[in-house]
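Undergrad:
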Amino acid sequence: MRIVCPFCGERELGEFTYLGDAKPMRPVAGASEDEVFDYVYLRDNVAGETSEYWYHGGGCRAWLKVTRNTLTHEISSVEAAAGAGAAKVGA
Amino acid sequence: MKYSIFSLARAALSGHKNWQRTWRDATPKDRYDVVIIGGGGHGLATAWFLASEYGIKNVAVLEKGWIGSGNAGRNTTIIRSNYGLPGNTGFYELSMKLWERMEQDLNYNTMVSQRGVINLYHSDAQRDAYARRGNTMRINGIDAELLDLAAVRKMIPFLNFDNARFPVQGGLLQRRGGTARHDAVVWGYAHAASALGVDIIQNCEVTGFVRDANGKVTGVETSRGKIGGGKVGMAVAGSSSRVAAMAGLRLPIESHVLQAFVSEAIKPLIPGVMTFGAGHFYVSQSDKGGLVFGGDIDGYNSYAQRGNMPVMEDVCEGGMALMPMIGRVRLLRQWGGIMDMSMDGSPIIDKTPVDGLYINAGWCYGGFKATPGSGFVFAHLLARDTPHEEAVRFRLDRFRRGAMIDEKGQGAQPNLH
Chain L
1 MRIVCPFCGE RELGEFTYLG DAKPMRPVAG ASEDEVFDYV YLRDNVAGET
51 SEYWYHGGGC RAWLKVTRNT LTHEISSVEA AAGAGAAKVG A
Chain E
1001 MKYSIFSLAR AALSGHKNWQ RTWRDATPKD RYDVVIIGGG GHGLATAWFL
1051 ASEYGIKNVA VLEKGWIGSG NAGRNTTIIR SNYGLPGNTG FYELSMKLWE
1101 RMEQDLNYNT MVSQRGVINL YHSDAQRDAY ARRGNTMRIN GIDAELLDLA
1151 AVRKMIPFLN FDNARFPVQG GLLQRRGGTA RHDAVVWGYA HAASALGVDI
1201 IQNCEVTGFV RDANGKVTGV ETSRGKIGGG KVGMAVAGSS SRVAAMAGLR
1251 LPIESHVLQA FVSEAIKPLI PGVMTFGAGH FYVSQSDKGG LVFGGDIDGY
1301 NSYAQRGNMP VMEDVCEGGM ALMPMIGRVR LLRQWGGIMD MSMDGSPIID
1351 KTPVDGLYIN AGWCYGGFKA TPGSGFVFAH LLARDTPHEE AVRFRLDRFR
1401 RGAMIDEKGQ GAQPNLH
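Chains L and E, in that order, give the protein sequences. Taken in order, the first sequence gives residues 1 to 91; the numbers are from the working numbering. Taken in order, the second sequence gives residues 1001 to 1417; the numbers are from the working numbering.
1) Please report the straight-line C-alpha distance between P1353 (chain E) and N1163 (chain E), rounded to a whole angstrom.
2) Excluding the 5 residues preceding and the 5 following N93 (chain L) in the sequence, name in chain order all residues of the same chain whose CB lies nearer than 7 Å to its CB.
3) In the structure shown, what three-state DSSP assignment does V1210 (chain E) receive?
4) Quick one, which of L:E33, L:K23, L:M25, L:V66 has its alpha-carbon nearest I3 (chain L)'s?
5) Let me make sure I understand the geometry here. Which of E:S1052, E:F1276, E:G1289, E:R1181 has the alpha-carbon closest to that of C1316 (chain E)?
6) With distances taken from CA atoms, which of E:K1057, E:D1355, E:I1118 is nearest A1213 (chain E)?
7) Residues in the same chain with beta-carbon distance under 6 Å from K1142 (chain E), minus the five sequence neighbours each way, listed in chain order, please.
8) Closer than 9 Å, Cβ to any Cβ of chain E: which residues of the stretch 45-62 of chain L, in chain order?
9) Taking G1238 (chain E) as the reference, give the member of E:M1137, E:V1035, E:S1342 with the closest Cα.
10) For the stretch 1060-1067 of chain E against the stretch 1257-1268 of chain E, are there 3 or more C-beta pairs whose distance is under 8 Å?
11) Buried or exposed: where does F1006 (chain E) fall if 16 or more other Cβ atoms within 10 Å of its Cβ makes it buried?
12) Taking the Cβ atom as the reference point for each residue, do Q1285 (chain E) and M1312 (chain E) lie within a distance shorter than 8 Å?
13) Let me check understanding here. Comparing Cα to Cα, which of L:S76, L:E74, L:V40 lies closest to K23 (chain L)?
14) How about R43 (chain L): is its C-beta nearer than 8 Å to some C-beta of chain E?
15) Where M1309 (chain E) and V1117 (chain E) are concerned, what is the direct C-alpha to C-alpha distance, given to the nearest angstrom?
16) My output table needs one value for V1236 (chain E): the three-state DSSP class, helix, strand or coil.
17) Please report whether the beta-carbon of M25 (chain L) lies at a distance below 8 Å from any beta-carbon of chain E.
18) 8 Å is my cut-off, CB to CB: does A1321 (chain E) come that close to chain L?
19) Can you list, in chain order, the residues of its chain whose CB lies under 6 Å from that of F1049 (chain E), leaving out five sequence neighbours each side?
20) Of the residues E:R1211, E:S1004, E:Y1108, E:G1248, which one's Cα is nearest the Cα of K1231 (chain E)?
21) What do you reckon, are the CB atoms on M1323 (chain E) and N1119 (chain E) nearer than 8 Å?
22) Considering only the alpha carbon of each residue, which of E:Y1032, E:K1017, E:A1391 lies closest to A1361 (chain E)?
23) Answer yes or no: the CB of S1095 (chain E) versus the heavy atoms of the ligand FMN, is any distance below 7 Å?
24) Determine the contact status of W1187 (chain E) and P1372 (chain E), defining contact as a CB-CB distance below 8 Å.
25) From the DSSP output, which residues share a beta bridge with F1293 (chain E)?
26) Classify K1267 (chain E) as buried or exposed, calling it buried when 16 or more other Cβ atoms lie within 10 Å of its own Cβ.
27) Show which residues of chain E have a CB atom less than 9 Å away from the CB atom of L71 (chain L).
28) Pick helix, strand or coil for W1335 (chain E), following the three-state DSSP scheme.
29) Using beta carbons (cut-off 8 Å, strictly below), is P1347 (chain E) in contact with chain L?
30) Less than 8 Å between the beta carbons of Y18 (chain L) and N1058 (chain E), yes or no?
31) Check whether the Cβ atoms of L1172 (chain E) and R1115 (chain E) sit closer than 8 Å, and answer yes or no.
32) State yes or no: is the C-beta of V1168 (chain E) within less than 8 Å of the C-beta of V1152 (chain E)?
33) Please report the straight-line C-alpha distance between A1012 (chain E) and A1131 (chain E), rounded to a whole angstrom.
34) Does any residue of chain L bring its CB to less than 8 Å from the CB of E1254 (chain E)?
35) Give me the chain L residues within the contact set of F949 (chain E), using Cβ-Cβ distance strictly less than 9 Å, ordered along the chain.
36) Show which residues of chain E have a CB atom less than 8 Å away from the CB atom of L64 (chain L).
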């Protein structure tokens, strides 16, 4: 598996760190306990095409949104996702 | 048939032409008291304990592929009970005690070999952490010995003790730990369960659940037709989210790929199971002579049953740091299995919110050693509708309650457990 970074070109997997599914959105302050529980703990865990966040720590240090098939590891698109990591963890 | 020295002699004298099948390859009936989805170690163990301990013999085990085709044949065969947190400590020791009597229970040679598991430490801080873990084990009646450098040198003299960054300082040893023959474990459970009347149905993929007007699960739709079940238990670690989704459930689980490796066969070298404490590398030597080893999961969601190069490199670097002389041993095989990585790194054994559906999932990459214990407590739950006392902490709702069992203290990030 190699990822084509939009800034650096095709790079080997070891340069990237995985954050996870890009679909869950951090709930707003004051959200219900159910919404927070769902966000923190429950996952669709898709078998097939899914979008997820990767961090190019060994290269340009950009956050990327990668569309990848979990059954085949085939990557169909990679786009820049500035700030995705911070938005995910609420930093 | 019953295996013994006499059956072996009889078969040998007749040219090994009269061995019978180890278990019946059953065709599905219309209805069973309990239907278990997944013919891996955990599913088959559950069926055997249902039949032998709880008197429920009208049981089917449904397997999508063939027996031994999934994670039962993809692990590194290690058994141990060196866990540190309430919930895990007692459960894995229950499992270890069942390993110790498995061959007699099943009348099957599962090659359980208590050759010892040693976790090496490389710093004063790590020694203290291992001492605490060893104390936790001993307080709970589990064997553990903290070895100093001299004792480890005597036991495993060929290690790279003077590694400049990660010198070996000692180790925590569980002598009762070791290995078992993974294929024989599933064959043994299939053999013993089948003899008690359990139907083992291969090439039977579950494609949906049958529900009544109240939403209760009353059976499963499969590639071999509809099969009714008074209760349905799923033991499909790796694919739990996919099966649960058929019942409308979302789980606190991600599926990740874990690789394992075998080298070419070499003369007997490694006495037991060893782990490198400064990285993630564990190794034992099979009876055929190959070094069986592994390390971390790859770290990204996957159902592909194959991994990638960075983890392969990392695992081999761990091995080289510990034993530089294996550098000229060639890698023979490498494979991947799909793990249910749960949100706290510990398993889930519980009723689900869907009436009639029970779950056994979330084994992360520690499922093999749990096989007999998992089968025992899951059979208890299916038979009695209450959790076994050693599984009360493995409830599905513990994430909502904040009652996590997080050995590594990593939080809800499954690829870090």
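Think of the CB as a built atom: it goes at the ideal place given N, C-alpha and C, for glycine as much as any other residue.
TA: So, to answer that:
1) Locating residue 1353 (chain E) in the second sequence gives position 353, counting from the first residue. Locating residue 1163 (chain E) in the second sequence gives position 163, counting from the first residue. P1353 (chain E) and N1163 (chain E): Cα-Cα distance of roughly 53 Å.
2) Here chain L comprises residues numbered 1 to 91, so residue 93 (chain L) is not present and cannot be evaluated.
3) One-based indexing of the second sequence puts residue 1210 (chain E) at position 210. DSSP places V1210 (chain E) in strand when its eight states are reduced to three.
4) Counting from 1 along the first sequence, the entry for residue 3 (chain L) is found at position 3. Of L:E33, L:K23, L:M25, L:V66, the residue nearest in Cα terms is L:V66.
5) Reading the second sequence from its first residue, position 316 is the one you call residue 1316 (chain E). It is E:F1276.
6) What you label residue 1213 (chain E) is simply residue 213 of the second sequence in a count that begins at 1. Of the candidates E:K1057, E:D1355, E:I1118, the one whose C-alpha sits nearest the C-alpha of A1213 (chain E) is E:D1355.
7) Numbered from 1 along the second sequence, position 142 holds the residue referred to as residue 1142 (chain E). Note that residue 1142 (chain E) is Ile in the sequence shown here, rather than Lys. Excluding residues within five positions, the ones whose Cβ falls inside 6 Å are S1081, E1093.
8) N45, V46, A47, G48, T50, E52, W54
9) Translated into the one-based positions of the second sequence, residue 1238 (chain E) becomes position 238. Selected option, being the one with the closest Cα: E:S1342.
10) no
11) As a working note, residue 1006 (chain E) is residue 6 in the second sequence. It is exposed - the Cβ of F1006 (chain E) has fewer than 16 other Cβ atoms within 10 Å.
12) Position 285 of the second sequence, counting from 1, holds the residue named residue 1285 (chain E). Position 312 of the second sequence, counting from 1, holds the residue named residue 1312 (chain E). No, the pair does not count as a contact, with Cβ atoms beyond the cut-off.
13) As a position in the first sequence, residue 23 (chain L) is number 23, starting the count at 1. If we check each option's Cα against that of K23 (chain L), L:V40 comes out closest.
14) Here residue 43 (chain L) is taken as the residue at index 43 of the first sequence, counted from 1. Yes, R43 (chain L) lies at the interface with chain E (some Cβ there is under 8 Å from its Cβ).
15) Reading the second sequence from its first residue, position 309 is the one you call residue 1309 (chain E). Reading the second sequence from its first residue, position 117 is the one you call residue 1117 (chain E). Answer to the nearest angstrom: the Cα atoms are 27 Å apart.
16) In the second sequence, residue 1236 (chain E) corresponds to position 236, counting from 1. Note: V1236 (chain E) maps to coil in three-state DSSP.
17) Within the first sequence, residue 25 (chain L) is the residue found at index 25, counting from 1. Not closer than 8 Å to any Cβ of chain E, the Cβ of M25 (chain L) fails to qualify, so no.
18) Here residue 1321 (chain E) refers to the residue found at position 321 when the second sequence is read from its first residue. For A1321 (chain E), the answer is no, since every Cβ of chain L falls outside 8 Å of its Cβ.
19) Here residue 1049 (chain E) refers to the residue found at position 49 of the second sequence. Contacts found: G1375, F1376, A1379.
20) To locate residue 1231 (chain E), count along the second sequence from 1; it is residue 231. With distances taken between Cα atoms, K1231 (chain E) lies closest to E:R1211.
21) Numbered from 1 along the second sequence, position 323 holds the residue referred to as residue 1323 (chain E). Numbered from 1 along the second sequence, position 119 holds the residue referred to as residue 1119 (chain E). Going by C-beta atoms, M1323 (chain E) is not nearer than 8 Å to N1119 (chain E).
22) Start at 1 with the first residue of the second sequence, and residue 1361 (chain E) comes out as number 361. Comparing Cα positions, the closest option is E:A1391.
23) The ligand FMN is not among the ligands present in this structure, which contains no ligands whatsoever.
24) Taking the second sequence and counting its residues from 1, one reaches residue 1187 (chain E) at position 187. Taking the second sequence and counting its residues from 1, one reaches residue 1372 (chain E) at position 372. Cβ distance not < 8 Å, so W1187 (chain E) and P1372 (chain E) don't count as in contact.
25) On the second sequence, residue 1293 (chain E) is found 293 positions in, with the first residue counted as 1. F1293 (chain E) is bridged to E:F1261, E:V1283.
26) Within the second sequence, numbered from 1, the residue matching residue 1267 (chain E) stands at position 267. Per the 10 Å Cβ criterion, exposed.
27) Here residue 71 (chain L) corresponds to residue number 71 of the first sequence, with the count starting at 1. The contacting residues are S1302, Y1303, A1304.
28) Counting from one through the second sequence, the residue named residue 1335 (chain E) turns up at place 335. Reduced to three states, the DSSP call for W1335 (chain E) is strand.
29) Numbered from its first residue, the second sequence carries residue 1347 (chain E) at position 347. Chain L, which has no Cβ nearer than 8 Å to the Cβ of P1347 (chain E), makes this no.
30) As a first step, residue 18 (chain L) must be located in the first sequence, where it is residue number 18. As a first step, residue 1058 (chain E) must be located in the second sequence, where it is residue number 58. Cβ atoms of Y18 (chain L) and N1058 (chain E): not closer than 8 Å.
31) Walking along the second sequence from the start, residue 1172 (chain E) turns up at place 172. Walking along the second sequence from the start, residue 1115 (chain E) turns up at place 115. Not in contact: L1172 (chain E) and R1115 (chain E) (Cβ atoms no closer than 8 Å).
32) What you label residue 1168 (chain E) is simply residue 168 of the second sequence in a count that begins at 1. What you label residue 1152 (chain E) is simply residue 152 of the second sequence in a count that begins at 1. Cβ distance < 8 Å, so V1168 (chain E) and V1152 (chain E) count as in contact.
33) Counting from one through the second sequence, the residue named residue 1012 (chain E) turns up at place 12. Counting from one through the second sequence, the residue named residue 1131 (chain E) turns up at place 131. Whole-angstrom Cα-Cα distance: 50 Å.
34) Here residue 1254 (chain E) is taken as the residue at index 254 of the second sequence, counted from 1. Closer than 8 Å to some Cβ of chain L, the Cβ of E1254 (chain E) qualifies, so yes.
35) The question about residue 949 (chain E) has no answer here: the residues shown for chain E are numbered 1001 through 1417.
36) Within the first sequence, numbered from 1, the residue matching residue 64 (chain L) stands at position 64. Ordered by position in chain E, no residue passes the 8 Å Cβ test against L64 (chain L), which lies about 13 Å from the chain.
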